[in-house]
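Colleague: In this note's numbering, the protein residues as written are 61 to 332.
1. Given a threshold of 16 other Cβ atoms within 10 Å of its Cβ, counted over all protein chains shown, does residue 178 qualify as buried or as exposed?
2. Buried or exposed: which applies to residue 222, given that a residue is buried once 16 or more other Cβ atoms fall within 10 Å of its Cβ?
3. Quick check on residue 2: does DSSP put it in helix, strand or coil?
4. Count the other CB atoms within 10 Å of the CB of residue 48; is the residue buried (16 or more) or exposed (fewer)?
5. Count the other CB atoms within 10 Å of the CB of residue 153; is the residue buried (16 or more) or exposed (fewer)?
6. Can you tell me which of 324, 319, 288, 274 puts its alpha carbon nearest to the alpha carbon of residue 108?
7. Around the Cβ of residue 158, are there at least 16 other Cβ atoms within 10 angstroms (buried) or fewer (exposed)?
8. Might you give, ordered along the chain, the residues of its own chain that have their beta carbon closer than 8 Å to the beta carbon of residue 150, omitting 5 neighbours on each side?
9. Can you list, in chain order, the residues of its chain with a C-beta nearer than 6 Å to that of residue 75? Leave out the 5 residues immediately preceding and following it.
10. Using 8 Å as the threshold, is the segment 108-126 in touch with the segment 212-230, meaning 3 or more CB pairs across them?
11. Taking the beta carbon of residue 319 as the centre, do at least 16 other beta carbons fall within 10 Å, making it buried, or is it exposed?
12. Identify which residue in 324, 272, 243, 130 has its Cα closest to the Cα of residue 115.
13. Quick check: what's the CA-CA separation for residue 256 versus residue 141?
14. Check residue 259 in the structure and name its three-state DSSP category.
15. Taking the C-alpha atoms as reference points, what is the distance between residue 231 and residue 172?
16. Does the distance from the CB of residue 263 to the CB of residue 96 come in under 7 Å?
17. Where residue 63 and residue 284 are concerned, what is the direct C-alpha to C-alpha distance, given to the nearest angstrom?
18. What are the start and end residues of each continuous beta strand (DSSP E) run of 3 or more residues lying completely inside the segment 232-257, in chain order?
19. Using C-beta distances below 6 Å, list every residue in its chain close to residue 22, excluding the 5 sequence neighbours before and after it, in chain order.
20. Report buried or exposed for residue 260, applying the criterion of at least 16 other Cβ atoms within 10 angstroms of its Cβ.
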């Protein structure tokens, strides 16, 4: 039996979240020995190679002129802001806390779809948006000891990701998903190169750190592909909440890999 577009989009979102969260864990380990710009540069170079080869093999590069399509440009700008703010926050906060703040993203995307695209959203979903943002405030604890500039960066990442996802949903269907992923990977690589010197310059890499970033690149390509397919598949307000599956992944990875035990406010906020 064929799944409806909404259910396929939801399934794609679950796969994307698993890829992104595993990538986050590996990236956090790699960032202990190099700055964020170098992580972006090396991971982006591997990702560009992997997805570029796939795009070439599938013939998607024949439409390379579409890389200049306005919605792709908006998507790349959102991705750039999200990547920089996220990686800096991830280097200074427990992975579960960062991921918990990012759970505001389904709410932000739903609000954006309603306000920008006039997508129908009932009162129950507006109520969920309000309650969800209250949960985020519990997690970041503005005005209390747990609040920091890195919490603000995590929230900035939410805003940038919302712009990215809303733009993705408006990319013409004729443009292959692989081409969108390739454009994104190349842009992130160039951004990493541009930020390398301002963020501390090059650090010699070991075989282990190179292998870790190659693995992270594979996972981020999986995330790119499936989140683009998800956002182009069905109703944004239906698909966006399936991002919440990332929270379970991040709590488990943070606990077993980094020893980050979630505190009570984080658990309460995530539960909300």
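We put the beta carbon where it would ideally sit given N, CA and C, even for glycine.
Modeller: On the basis of the coordinates in this document:
1. exposed
2. buried
3. Since the first and last residues shown for the chain are 61 and 332, residue 2 lies out of range.
4. Here the chain has residues from 61 to 332 only, and residue 48 is not among them.
5. buried
6. 274
7. buried
8. 84, 87, 88, 91, 158
9. 286
10. no
11. exposed
12. 243
13. 16 Å
14. coil
15. 16 Å
16. no
17. 22 Å
18. none
19. The first residue shown for the chain is 61 and the last is 332, placing residue 22 beyond what the model contains.
20. exposed
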